[in-house]
Amino acid sequence: MALKLRVDDKLIVRAREAAHRITGEVQGFIEQHTTTSTERAVIRLFGVEGKGLDDVPLPNLVVENIQDGGGLDKGASYWVCNAMAQHSLSAQEVAQAVGQGKLDLIKVAQADEGRIRETAHLIARETLDRIARNRQTRSGFINQWGERPAPWLYIIVATGNIYEDVIQAQNAARQGADVIAVIRSTAQSLLDYVPEGATTEGFAGTYATQENFRIMRRALDEVSEELGRYVRLTNYASGLCMPEIAALGAVERLDMMLSDSMYGILFRDINMKRTLVDQHFARMMQAQAGIIINTGEDNYLTTDDAYEAANTVLASQFINEQFAHRSGMPDELIGLGHAFEMDPRQEDGLLYEMADALLSRHCFPKAPLKYMPPTRHMTGNIFMGHLMDAMFNLTSVATNQHIHLIGVLTEAIHTPLLHDRALAIENARYVFGYARHFFEEFDLKKGGLIETRANDVLQQSVDLLEHIEHVGLMTAISEGTFGRVRRMPTSGKGLDGVVAKGPQHFNPFFDLILKGGER
Amino acid sequence: MEPNWVKPYGDTTNDGAMQLSFTLPVKNGGVAREAAKRLCESMNLENVQIVHQKDLGGGYTFFVVYGRCTQAVDIADIHVPEVQAPSWDMHQVNTIAHEKLGRKITVVGACTGTDAHTVGLDAILNMKGFHGNYGLERYSEFIVYNLGSQVPNETLVAKAIEVNADAILVSQVVTQKNIHLSNLTQLVDLLEAEGLRDKVILITGGPRITHELAVELGYDAGFGPGTVPSEVASYVLKELLGRKGVII
Numbered sequence: 001m002a003l004k005l006r007v008d009d010k011l012i013v014r015a016r017e018a019a020h021r022i023t024g025e026v027q028g029f030i031e032q033h034t035t036t037s038t039e040r041a042v043i044r045l046f047g048v049e050g051k052g053l054d055d056v057p058l059p060n061l062v063v064e065n066i067q068d069g070g071g072l073d074k075g076a077s078y079w080v081c082n083a084m085a086q087h088s089l090s091a092q093e094v095a096q097a098v099g100q101g102k103l104d105l106i107k108v109a110q111a112d113e114g115r116i117r118e119t120a121h122l123i124a125r126e127t128l129d130r131i132a133r134n135r136q137t138r139s140g141f142i143n144q145w146g147e148r149p150a151p152w153l154y155i156i157v158a159t160g161n162i163y164e165d166v167i168q169a170q171n172a173a174r175q176g177a178d179v180i181a182v183i184r185s186t187a188q189s190l191l192d193y194v195p196e197g198a199t200t201e202g203f204a205g206t207y208a209t210q211e212n213f214r215i216m217r218r219a220l221d222e223v224s225e226e227l228g229r230y231v232r233l234t235n236y237a238s239g240l241c242m243p244e245i246a247a248l249g250a251v252e253r254l255d256m257m258l259s260d261s262m263y264g265i266l267f268r269d270i271n272m273k274r275t276l277v278d279q280h281f282a283r284m285m286q287a288q289a290g291i292i293i294n295t296g297e298d299n300y301l302t303t304d305d306a307y308e309a310a311n312t313v314l315a316s317q318f319i320n321e322q323f324a325h326r327s328g329m330p331d332e333l334i335g336l337g338h339a340f341e342m343d344p345r346q347e348d349g350l351l352y353e354m355a356d357a358l359l360s361r362h363c364f365p366k367a368p369l370k371y372m373p374p375t376r377h378m379t380g381n382i383f384m385g386h387l388m389d390a391m392f393n394l395t396s397v398a399t400n401q402h403i404h405l406i407g408v409l410t411e412a413i414h415t416p417l418l419h420d421r422a423l424a425i426e427n428a429r430y431v432f433g434y435a436r437h438f439f440e441e442f443d444l445k446k447g448g449l450i451e452t453r454a455n456d457v458l459q460q461s462v463d464l465l466e467h468i469e470h471v472g473l474m475t476a477i478s479e480g481t482f483g484r485v486r487r488m489p490t491s492g493k494g495l496d497g498v499v500a501k502g503p504q505h506f507n508p509f510f511d512l513i514l515k516g517g518e519r
Numbered sequence: 520m521e522p523n524w525v526k527p528y529g530d531t532t533n534d535g536a537m538q539l540s541f542t543l544p545v546k547n548g549g550v551a552r553e554a555a556k557r558l559c560e561s562m563n564l565e566n567v568q569i570v571h572q573k574d575l576g577g578g579y580t581f582f583v584v585y586g587r588c589t590q591a592v593d594i595a596d597i598h599v600p601e602v603q604a605p606s607w608d609m610h611q612v613n614t615i616a617h618e619k620l621g622r623k624i625t626v627v628g629a630c631t632g633t634d635a636h637t638v639g640l641d642a643i644l645n646m647k648g649f650h651g652n653y654g655l656e657r658y659s660e661f662i663v664y665n666l667g668s669q670v671p672n673e674t675l676v677a678k679a680i681e682v683n684a685d686a687i688l689v690s691q692v693v694t695q696k697n698i699h700l701s702n703l704t705q706l707v708d709l710l711e712a713e714g715l716r717d718k719v720i721l722i723t724g725g726p727r728i729t730h731e732l733a734v735e736l737g738y739d740a741g742f743g744p745g746t747v748p749s750e751v752a753s754y755v756l757k758e759l760l761g762r763k764g765v766i767i
């Protein structure tokens, strides 16, 4: 007995194969290109930190220097490692010299290519060792304390001030949070650089910086010790700096990251070529660091109807999964997103929500699914909102979801007040405990509303995926397939940062991680 | 006018019943309870009952409180500007527009600034509509351009000029530190600079928008939460007819 769906499993195979071919069709383009943000991520992974002239982050100055000299088609590691080899400098010293305007990387005499690659692989290996140690630290904590049963409670902090965030995050952990997400400052996803240092002024969120990552990681390790369980840390990678932020997350032991192959395109109007190239490197580094990614399909249901557009969510989940696989990511790290967003006036809405949640569960059995609370139909009626959140909580535990973003009764009003969050946690813990083994106790009615709905959505998802395969992913996005948002291949921000790789291009992290390298 | 004093209603006229919930930065216990009670009394509540108190950790306590309000309000003395529009349905709007206006009505809508939340705009414009009330796209006499989310004001104005819009609809849902206000006033400034402000009907809507606020910001009308498409359609049509000198 269990809430097991009986659906036509051949359709699942068809969906997955279509998604495999859809992503394969753009993978060639992805692998033939690099981006300014991918190259900056490499510089950051070489350990470069700090600012140069006009307070511009050093990784930006280095990549701009190379791009201005027309050398980015070889990749930033080529030029930086060349300068390191020729002048016996560290990556940081090279970056500082460039940042002070004392060194033009393109003008440094070019060493033997083998020597350049050797230098690059040496420092890349040091970084990969550090990332491997982070994984060991994490699994050490988890082995010591054990895991809590899913759904994990995922709670947001967003004060704008990293030190206030620390207080809120530690309090949320004490109240029961399993995962803390620090919301980014508004529109940081559109900045083409990652700010430096600890920040205390954000706009409805706190800047994602390497130092802020460190501060929050330290704070959560502290409270983990206090509580005797590992509290996970999440931040956002999607955006113009997706690869850089993913790299920083890998180095500073973040545990989860919002990392979607299409979110930036659809909801931040970032150019699709830029995002598709960026996500490949970002997810490879996240996979290497054991970071669970969260994808953003839930957003489609804030701009499209949850009952009618469920197939766009499932289709996109298959696409996100296939892109993640192409970055070497195992299923256990692919936290596909979806949401509880149907109209509360819909008769049997709870059953349809359960059908959709079970369908994602069934199609992606190993994925730590991320389930998002109602937002679209939340109003100022907090009493009704609290009830809707309870229905969401019930659906989540009853269908075996994994990462559960807490629904707060004041969703439509303001960022949660202290007691709003406490009431939301109380609601979730009550329902999770009260219905803990719901999933195992019931069998689904054959041909009933839930099974019929799930089969319909699955069939529509296959149809949609096969259509996308037919027209191509980029055309599908420009048709408004996802979230009814239309984006064109040449529109959006950041296209000027997409660069065709030359024959000599190399990126030591691709070499060592995806091409087999030596590890 | 005769004063008309009212008090909150629980189950008996003028019983003044009110409920509150709040948190005090006081450790849970007798002192916290008394502090909550005295605070409510100082807010002119009487018969204060602390029905629930809970330790939130870190020296904070949450309260749920009932009390009787001792104050009353004279509603005869209140004047709130509201959008003046007939309550026509879709069919009536189409018929009246066809017969009295004699041409189609063009509207351009957008969520401006960094706002990505199109819920409100879509509720008014999309075919499907809201609360069973079809959106303007479904109206045979309306031509609708829905520009979607995160539209710069400049793009919105350019589109309005391009399609010779009769009305511009701006939705502002998410607002941080009142950025929606500067977005909204910047649009008015732009339209004035283009000499367009008097030629279009300028409308805004969103959960924090009232008609009074909209008028203050230089808009013709503001629609708050719960607005259905036919209200917006009726208003636009009535305005256009009024500007044309047609009396309904």
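Residue numbers (our numbering), protein chains in the order written: chain Y, 1 to 519; chain U, 520 to 767.
Cβ atoms here follow ideal geometry from the backbone N, Cα and C, with glycine treated the same way.
Treat the numbers as computed from the prediction; the structure is a model and nothing was measured.
List the residues of chain U that Asp389 (chain Y) touches, going by C-beta distances under 9 Å, in chain order.
For this step, residue 389 (chain Y) is matched to residue 389 along the first sequence. Ordered by position in chain U, no residue passes the 9 Å Cβ test against Asp389 (chain Y), which lies about 16 Å from the chain.
Out of curiosity, what's the CA-to-CA distance linking Leu700 (chain U) and Glu308 (chain Y)?
One-based indexing of the second sequence puts residue 700 (chain U) at position 181. One-based indexing of the first sequence puts residue 308 (chain Y) at position 308. So the alpha carbons of these two residues sit roughly 34 Å apart.
Provide the residue span of the beta strand (DSSP E) that contains Val567 (chain U), from first to last.
Stepping through the second sequence from its first residue, residue 567 (chain U) is reached at position 48. Counting along the chain, the unbroken beta strand (DSSP E) around Val567 (chain U) starts and ends at 564-576.
Whole angstroms are fine: how far does the CA of Asn672 (chain U) sit from the CA of Val277 (chain Y)?
Start at 1 with the first residue of the first sequence, and residue 277 (chain Y) comes out as number 277. Start at 1 with the first residue of the second sequence, and residue 672 (chain U) comes out as number 153. Distance between the alpha carbons of Val277 (chain Y) and Asn672 (chain U): 30 Å.
For a cutoff of 8 Å on Cβ pairs, would you count Asn706 (chain U) as touching chain Y?
Counted from its first residue, the second sequence places residue 706 (chain U) at position 187. For clarity, residue 706 (chain U) is Leu in the given sequence; the question names Asn instead. Judged by the 8 Å Cβ criterion, Leu706 (chain U) is not in contact with chain Y.
Selected residue, minimal CA-CA separation from Gln144 (chain Y), among Y:Glu225, Y:Leu417, Y:Ser461, Y:Glu347
Stepping through the first sequence from its first residue, residue 144 (chain Y) is reached at position 144. Selected option, being the one with the closest Cα: Y:Glu225.
Integer Cβ distance of Val626 (chain U) from Asp685 (chain U), believed to fall under 8 Å:
The residue labelled residue 626 (chain U) in the question sits at position 107 within the second sequence. The residue labelled residue 685 (chain U) in the question sits at position 166 within the second sequence. About 6 Å; that satisfies the 8 Å criterion.
Integer Cβ distance of Leu473 (chain Y) from Asn311 (chain Y), believed to fall under 8 Å
Within the first sequence, numbered from 1, the residue matching residue 473 (chain Y) stands at position 473. Within the first sequence, numbered from 1, the residue matching residue 311 (chain Y) stands at position 311. 16 Å between Cβ atoms; not a contact.
Identify which residue in Y:Pro374, Y:Asn82, Y:Asn212 has its Cα closest to the Cα of Ala424 (chain Y).
Looking up residue 424 (chain Y) in the first sequence gives position 424. Here the closest residue by C-alpha is Y:Pro374.
Assuming Gly654 (chain U) and Pro748 (chain U) form a contact by the criterion Cβ under 8 Å, report the distance between their Cβ atoms to the nearest whole angstrom.
By one-based count along the second sequence, residue 654 (chain U) stands at place 135. By one-based count along the second sequence, residue 748 (chain U) stands at place 229. With a Cβ gap of about 5 Å, Gly654 (chain U) and Pro748 (chain U) count as contacting.
Using 8 Å as the threshold, is the segment 649-665 of chain U in touch with the segment 604-613 of chain U, meaning 3 or more CB pairs across them?
yes
Find the nearest neighbour of Ala150 (chain Y) within the set Y:Ala435, Y:Gly447, Y:Glu341, Y:Arg487, judged by alpha-carbon distance.
Numbered from 1 along the first sequence, position 150 holds the residue referred to as residue 150 (chain Y). Measuring from the Cα of Ala150 (chain Y), the nearest candidate turns out to be Y:Ala435.
For Thr379 (chain Y), which residues in chain U fall below 9 Å Cβ to Cβ?
As a first step, residue 379 (chain Y) must be located in the first sequence, where it is residue number 379. What Thr379 (chain Y) touches in chain U: Pro726, Pro744, Gly745.
Keeping to the same chain, check which residues put their C-beta closer than 6 Å to that of Ala629 (chain U); ignore five residues upstream and five downstream.
Reading the second sequence from its first residue, position 110 is the one you call residue 629 (chain U). Annotation for Ala629 (chain U): Leu666, Val670, Leu675 place their beta carbon closer than 6 Å to its own, counting only its chain and skipping 5 residues before and after.
Which first and last residues belong to the beta strand (DSSP E) in which Met262 (chain Y) is found?
Locating residue 262 (chain Y) in the first sequence gives position 262, counting from the first residue. Looking at the DSSP string, Met262 (chain Y) is not in any beta strand (DSSP E), and its letter there is neither H nor E.
Would you say Val584 (chain U) and Ala604 (chain U) are within 8 Å of each other, going by their C-beta atoms?
For this step, residue 584 (chain U) is matched to residue 65 along the second sequence. For this step, residue 604 (chain U) is matched to residue 85 along the second sequence. Their beta carbons are not under 8 Å apart, which means Val584 (chain U) does not touch Ala604 (chain U) by this criterion.
Taking only three categories from DSSP, how would you classify Leu675 (chain U)?
Within the second sequence, numbered from 1, the residue matching residue 675 (chain U) stands at position 156. Judged by DSSP in its simplified three-state form, Leu675 (chain U) adopts helix.
Distance between Ala324 (chain Y) and Ile334 (chain Y) (C-alpha atoms, nearest Å):
Counted from its first residue, the first sequence places residue 334 (chain Y) at position 334. Counted from its first residue, the first sequence places residue 324 (chain Y) at position 324. If I take the Cα positions, the gap works out to 7 Å.
Closer than 8 Å to chain Y by CB, Val638 (chain U)
Looking up residue 638 (chain U) in the second sequence gives position 119. Yes, Val638 (chain U) counts as interfacial toward chain Y.
Any beta carbon from chain U within less than 8 Å of Ala422 (chain Y)'s own beta carbon?
Position 422 of the first sequence holds residue 422 (chain Y). By this cut-off, Ala422 (chain Y) is an interface position.
Out of Y:Pro508, Y:Asn507, Y:Lys501, Y:Ile513, which has the shortest C-alpha to C-alpha gap to Gly28 (chain Y)?
Position 28 of the first sequence holds residue 28 (chain Y). The candidate whose alpha carbon is nearest that of Gly28 (chain Y) is Y:Lys501.
Where does His386 (chain Y) fall in DSSP's three states?
Counting from 1 along the first sequence, the entry for residue 386 (chain Y) is found at position 386. If DSSP states are grouped into helix, strand and coil, His386 (chain Y) belongs with the helices.
Distance check for Pro489 (chain Y) and Lys273 (chain Y), CA to CA, integer angstroms please.
Stepping through the first sequence from its first residue, residue 273 (chain Y) is reached at position 273. Stepping through the first sequence from its first residue, residue 489 (chain Y) is reached at position 489. If you take the alpha carbons of Lys273 (chain Y) and Pro489 (chain Y), they lie about 7 Å apart.
Below-8 Å beta-carbon distance, Arg16 (chain Y) vs any chain U residue
Reading the first sequence from its first residue, position 16 is the one you call residue 16 (chain Y). False, the Cβ-Cβ gap to chain U never drops below 8 Å.
Just to confirm the assignment, what range does the beta strand (DSSP E) spanning Val692 (chain U) have?
Sequence index remark: in the second sequence, residue 692 (chain U) carries index 173 (1-based). Val692 (chain U) -> no beta strand (DSSP E), and no H or E assigned at all.
Quick one: list the residues of chain Y neighbouring Tyr542 (chain U), beta-carbon separation under 8 Å, in chain order.
Translated into the one-based positions of the second sequence, residue 542 (chain U) becomes position 23. The question names Tyr, but residue 542 (chain U) in the sequence shown is Thr. Within chain Y, the residues near Thr542 (chain U) are Leu417, Leu418, His419.
Cutoff 8 Å: Glu518 (chain Y) Cβ touching any chain U Cβ
For the purposes of this step, residue 518 (chain Y) is identified with residue 518 of the first sequence, where counting begins at 1. Note on Glu518 (chain Y): pLDDT 39, under 50, position unreliable in the model; the coordinate value appears next. By this cut-off, Glu518 (chain Y) is not an interface position.
I want to verify the contact list: residues of chain Y whose CB lies under 7 Å from the CB of Tyr579 (chain U), in sequence order.
Residue numbering aside, residue 579 (chain U) sits at position 60 when the second sequence is read from its first letter. Simply Leu418.
For Arg376 (chain Y), collect the residues of the same chain with a Cβ closer than 8 Å to its Cβ; drop the 5 residues on either side in sequence, then sort them by chain order.
As a working mapping, residue 376 (chain Y) is identified with position 376 in the first sequence. Same-chain partners within the cutoff: Leu301, Thr302, Ala306, Glu341.
The segment 699-713 of chain U in contact with the segment 573-581 of chain U per 3-pair CB rule at 8 Å
no
Where does Leu240 (chain Y) sit, in a helix, a strand or coil, going by DSSP?
The residue given as residue 240 (chain Y) occupies position 240 in the first sequence. If DSSP states are grouped into helix, strand and coil, Leu240 (chain Y) belongs with coil.
The segment 58-67 of chain Y touching the segment 21-40 of chain Y, judged by at least three CB pairs closer than 8 Å
Contact holds: three or more Cβ-Cβ distances are below 8 Å.
Contiguous alpha helix (DSSP H) assignments of at least 4 residues, all confined to the segment 610-645 of chain U
638-644
Scan the segment 652-685 of chain U for residues whose Cβ lies nearer than 7 Å to a Cβ of chain Y and list them as they occur along the chain.
Gly667, Gln669
If we ignore side chains and look at the alpha-carbon of each, how far apart do Glu17 (chain Y) and Val457 (chain Y) end up?
Here residue 17 (chain Y) refers to the residue found at position 17 when the first sequence is read from its first residue. Here residue 457 (chain Y) refers to the residue found at position 457 when the first sequence is read from its first residue. In a straight line, the C-alpha of Glu17 (chain Y) is about 17 Å away from that of Val457 (chain Y).
Please look up how many angstroms separate the CB atoms of Leu527 (chain Y) and Gln96 (chain Y), rounded, as I've assumed it's under 8 Å.
Past the boundaries of the shown model lies residue 527 (chain Y); chain Y is included only from 1 to 519, so the question cannot be answered.
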